[in-house]
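A.B. asks: Got a structure here, written out as structure tokens. Questions coming.
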Amino acid sequence: MMAAQMPNGQAALHSLWPDARWNISALFTHDQITFHALAALKERFDCRPAVDAIHGSLPVLWNSGRAARKARPIDPALVKKRLEAFNGVGSGVYYTFSNHLLGQEDLTDEACNRLLDAIDNDTGLNGVIVASDLLFDHIRKEHPALKLTASIIKATVENGKGDVDYYRKQAERFDSVMVHSDDGFNLDLLDQLDREKMEILVNENCVRNCTVREKHYALLASEQRTGGKSQPEGCLMPLTELDGKNLSCNMTDEEFKSVYDMGFRRFKLQGGGDMAWQYLYDFSRYLLEPTLVAPVFFKYIVAVQSAYLARDARAKLQAARAARAAKAKQDPPAS
Numbered sequence: 004m005m006a007a008q009m010p011n012g013q014a015a016l017h018s019l020w021p022d023a024r025w026n027i028s029a030l031f032t033h034d035q036i037t038f039h040a041l042a043a044l045k046e047r048f049d050c051r052p053a054v055d056a057i058h059g060s061l062p063v064l065w066n067s068g069r070a071a072r073k074a075r076p077i078d079p080a081l082v083k084k085r086l087e088a089f090n091g092v093g094s095g096v097y098y099t100f101s102n103h104l105l106g107q108e109d110l111t112d113e114a115c116n117r118l119l120d121a122i123d124n125d126t127g128l129n130g131v132i133v134a135s136d137l138l139f140d141h142i143r144k145e146h147p148a149l150k151l152t153a154s155i156i157k158a159t160v161e162n163g164k165g166d167v168d169y170y171r172k173q174a175e176r177f178d179s180v181m182v183h184s185d186d187g188f189n190l191d192l193l194d195q196l197d198r199e200k201m202e203i204l205v206n207e208n209c210v211r212n213c214t215v216r217e218k219h220y221a222l223l224a225s226e227q228r229t230g231g232k233s234q235p236e237g238c239l240m241p242l243t244e245l246d247g248k249n250l251s252c253n254m255t256d257e258e259f260k261s262v263y264d265m266g267f268r269r270f271k272l273q274g275g276g277d278m279a280w281q282y283l284y285d286f287s288r289y290l291l292e293p294t295l296v297a298p299v300f301f302k303y304i305v306a307v308q309s310a311y312l313a314r315d316a317r318a319k320l321q322a323a324r325a326a327r328a329a330k331a332k333q334d335p336p337a338s
């Protein structure tokens with residue numbers, strides 16, 4: 004049967020998991036386009052995906068999981084603007100403070116503690132994703148109102164993968180627990196876990212059952228301290244080298260539906276380390292009705308992003324030309 008009209012309202016969301024709730028990896032990377040995407044969905048399709056939180060980090064000591072290497076100072080105004088924007092529509096702001104190699108001396112880091120102060124408000128929406136028990140205790144003591152989520156890194160470095168008891172113990176302490184990427188496909192294990200607290204990643208780019216995952220997490224954590232820029236060695240599934248053999252941790256519709264039908268509703272969409280187009284593809288693929296809304300919306304939002312980037316590039320070029328012209332007027336001609 005031919006479609007008579009575009010889906011609107013709840014029908015514009017993915018029909019296989021319409022009540023999925025999302026924690027999206029886009030803070031400080033793709034947050035502006037995410038906010039625009041959510042606004043556009045509300046305006047054009049009268050729908051709003053249930054985005055419980057947006058997470059990410061600036062390049063500070065406590066960050067890990069994905070490199071945040073842009074050498075820029077922390078701008079309190081930027082943090083406040085992002086916080087007010089997302090809290091204003093009911094979405095929390097979470098920092099990925101998942102460096103598992105922190106020592107006691109690192110807990111006094113001024114920049115990181117200022118960032119905690121910035122999101123500790125009375126909304127009850129905001130929180131931190133952590134992998135270090137030291138940092139967990141520090142935040143619980145200094146910022147008891149912030150929610151705490153156990154990182155996938157924590158499950159990895161503490162050998163929690165595949166261990167039901169491990170997840171249950173973490174659920175007793177944390178407000179929510181991110182399930183190891185491989186365990187998202189382990190239905191026997193998932194069936195024994197708390198549906199309310201477990202959060203499942205649906206689109207990780209890593210190869211399934213990666214043998215160097217822990218090594219790469221350690222490298223990223225140490226580089227956040229040193230400011231290094233080397234790439235992890237031995238990646239089994241770099242996006243620039245498609246071998247057509249290895250399975251990634253991206254869930255198929257059937258795999259996602261199996262987990263959803265078990266009663267899980269909290270899901271994580273990664274994308275902070277992706278290019279904007281890659282992130283927007285997964286945003287459209289997993290959150291929206293797949294046959295009509297997702298293709299049209301993806302093309303629309305990419306076009307908007309392209310226009311924004313082009314406009315920004317033109318503005319920078321004009322500013323550079325103006326600066327050169329002003330300098331030329333000030334400098335005397337060579338004799």
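Position one of the sequence shown corresponds to residue 4 (my numbering), numbered consecutively onward.
From the three backbone atoms N, C-alpha and C, an ideal C-beta is built for every residue, glycine too.
Just so it is clear, the structure is predicted and the values come from calculations on it, not from any experiment.
Hey, N94 and V133: beta-carbon distance below 8 Å or not?
C.D. replies: Against the sequence shown, residue 94 aligns to sequence position 91. Against the sequence shown, residue 133 aligns to sequence position 130. Note that residue 94 is Ser in the sequence shown, not Asn. For S94 and V133, no; Cβs fall outside 8 Å.
A.B. asks: Tell me the rounded alpha-carbon separation between Q227 and D186.
C.D. replies: What you label residue 227 is simply residue 224 of the sequence shown in a count that begins at 1. What you label residue 186 is simply residue 183 of the sequence shown in a count that begins at 1. Taking the straight line joining both Cα atoms gives about 27 Å.
A.B. asks: Which runs of the beta strand (DSSP E) at least 3 residues long sit entirely within the stretch 171-241? Give them in chain order.
C.D. replies: Whole beta strand (DSSP E) segments, 3+ residues: 179-181, 201-204 and 206-210.
A.B. asks: For P79, which option in D49, N253, C115 and L41 has the closest C-alpha, if you only look at C-alpha atoms?
C.D. replies: By 1-based counting over the sequence shown, the position of residue 79 is 76. Of D49, N253, C115 and L41, the residue nearest in Cα terms is C115.
A.B. asks: Please confirm if the stretch 107-125 is in contact with the stretch 81-92, defined as three or more CB-CB distances below 8 Å between the two stretches.
C.D. replies: Touching, yes.
A.B. asks: For A88, does the three-state DSSP call read helix, strand or coil?
C.D. replies: To locate residue 88, count along the sequence shown from 1; it is residue 85. If DSSP states are grouped into helix, strand and coil, A88 belongs with the helices.
A.B. asks: Using the C-alpha atoms, what's the distance from L149 back to V96?
C.D. replies: As a working note, residue 96 is residue 93 in the sequence shown. As a working note, residue 149 is residue 146 in the sequence shown. The straight-line gap from Cα to Cα measures roughly 10 Å.
A.B. asks: If you reduce the DSSP assignment to three classes, tell me which class C252 lands in.
C.D. replies: Taking the sequence shown and counting its residues from 1, one reaches residue 252 at position 249. Strand.
A.B. asks: Given that a residue counts as buried once 16 or more other Cβ atoms are within 10 Å of its Cβ, and exposed if not, what is L320?
C.D. replies: As a working note, residue 320 is residue 317 in the sequence shown. Exposed: under 16 other Cβ atoms inside 10 Å.
A.B. asks: Buried or exposed for A74, going by 16 or more other Cβ atoms inside 10 Å?
C.D. replies: Counted from its first residue, the sequence shown places residue 74 at position 71. Because the pLDDT of A74 is 43, which lies under 50, any placement of that residue in the model is unreliable, and the number read from its coordinates should be weighed accordingly. By the 10 Å Cβ count, A74 comes out exposed.
A.B. asks: Hey, how far is the Cα of V305 from the Cα of R51?
C.D. replies: As a working mapping, residue 305 is identified with position 302 in the sequence shown. As a working mapping, residue 51 is identified with position 48 in the sequence shown. Using only the alpha carbons, I get a separation of about 19 Å.
A.B. asks: Going by C-alpha to C-alpha distance, which of L138, H103, N206 and K144 sits closest to L290?
C.D. replies: If you number the sequence shown from 1, residue 290 lands on position 287. It is N206 whose Cα lies nearest to the Cα of L290.
A.B. asks: Does the Cβ of S225 have 16 or more other Cβ atoms within 10 Å, making it buried, or fewer, making it exposed?
C.D. replies: As a first step, residue 225 must be located in the sequence shown, where it is residue number 222. Label assigned to S225: exposed.
A.B. asks: Let me confirm a value: A297 is counted as buried when at least 16 other C-beta atoms fall within 10 Å, else exposed. Which label applies?
C.D. replies: Numbered from 1 along the sequence shown, position 294 holds the residue referred to as residue 297. So A297 ends up on the buried side.
A.B. asks: Taking the beta strand (DSSP E) that V305 belongs to, which residues open and close that run?
C.D. replies: Mapped onto the sequence shown, residue 305 falls at position 302. Segment V296 to Q333 is the alpha helix (DSSP H) holding V305; no beta strand (DSSP E) there.
A.B. asks: What is the residue span of the beta strand (DSSP E) that S60 lies within?
C.D. replies: By one-based count along the sequence shown, residue 60 stands at place 57. Looking at the DSSP string, S60 is not in any beta strand (DSSP E), and its letter there is neither H nor E.
A.B. asks: Whose C-beta lies closer than 8 Å to the C-beta of D125 among residues of the same chain, with five residues either side of it excluded?
C.D. replies: Residue mapping note: residue 125 aligns to position 122 of the sequence shown, counting from 1. Taken in chain order, the residues that qualify are A148.
A.B. asks: For N26, which residues does DSSP report across the bridge?
C.D. replies: Translated into positions along the sequence shown, residue 26 becomes position 23. In the DSSP output, where bridge partners are listed per residue, N26 has A56 and K271.
A.B. asks: If I measure Cβ to Cβ from Y284 and keep anything under 8 Å in the same chain, skipping five residues before and after, which residues do I get?
C.D. replies: As a first step, residue 284 must be located in the sequence shown, where it is residue number 281. Same-chain partners within the cutoff: F301.
A.B. asks: Is R72 buried or exposed, if buried means 16 or more other CB atoms sit within 10 Å of its CB?
C.D. replies: Here residue 72 refers to the residue found at position 69 of the sequence shown. With a pLDDT of only 48 at R72, under 50, the local geometry of the prediction cannot be trusted, and the value read off the model is given with reservation. So R72 ends up on the exposed side.
A.B. asks: What are the start and end residues of each continuous alpha helix (DSSP H) run of 4 or more residues lying completely inside the stretch 126-155, in chain order?
C.D. replies: If we require 4 residues or more, the alpha helix (DSSP H) runs fully inside the stretch 126-155 come out as 136-145.
A.B. asks: From R216, H39 and E108, pick the residue whose C-alpha is nearest to that of K157; which is it?
C.D. replies: Your numbering for residue 157 matches position 154 in the sequence shown. Per the Cα distances, R216.
A.B. asks: So, under 8 Å CB-CB, L104 and L137 are touching, yes? Tell me the CB distance rounded to an integer number of Å.
C.D. replies: The count along the sequence shown starts at 1 and reaches residue 104 at position 101. The count along the sequence shown starts at 1 and reaches residue 137 at position 134. In fact, because the Cβ distance is near 10 Å, the residues do not count as touching under 8 Å.
A.B. asks: State the start and end residues of the unbroken beta strand (DSSP E) segment that holds F31.
C.D. replies: Here residue 31 refers to the residue found at position 28 of the sequence shown. Taken as a continuous stretch (DSSP letters only), F31 belongs to no beta strand (DSSP E), as it is neither H nor E.
A.B. asks: Looking at V262 and L192, is the spacing between their C-beta atoms short of 8 Å?
C.D. replies: Residue numbering aside, residue 192 sits at position 189 when the sequence shown is read from its first letter. Residue numbering aside, residue 262 sits at position 259 when the sequence shown is read from its first letter. The answer is no: Cβ separation not under 8 Å.
A.B. asks: Beta-carbon separation of I36 and A316 under 8 Å?
C.D. replies: Residue 36 sits at position 33 when you count from the first residue of the sequence shown. Residue 316 sits at position 313 when you count from the first residue of the sequence shown. Cβ distance not < 8 Å, so I36 and A316 don't count as in contact.
A.B. asks: With 8 Å set as the bound, which would you pick, yes or no: does the beta-carbon of H17 sit closer than that to a beta-carbon of chain B?
C.D. replies: Here chain B cannot be found, since the structure has a single protein chain.
A.B. asks: Give me, in chain order, the residues of the same chain whose beta-carbon lies closer than 7 Å to that of N183; leave out the 5 immediate sequence neighbours on both sides.
C.D. replies: Within the sequence shown, the letter at position 180 stands for residue 183. The sequence as given places His at residue 183; Asn does not occur at that position. Around H183: I155, A158, T159, G163 and K164.
A.B. asks: Assign R269 to buried or exposed, taking buried as 16 or more other Cβ atoms, counted over all protein chains shown, within 10 Å of its Cβ.
C.D. replies: Counting from one through the sequence shown, the residue named residue 269 turns up at place 266. Buried, since its Cβ has 16 or more Cβ neighbours within 10 Å.
A.B. asks: Considering Cα atoms alone, identify which of V63, L151 and G91 is closest to D112.
C.D. replies: Against the sequence shown, residue 112 aligns to sequence position 109. Considering only alpha carbons, the answer is V63.
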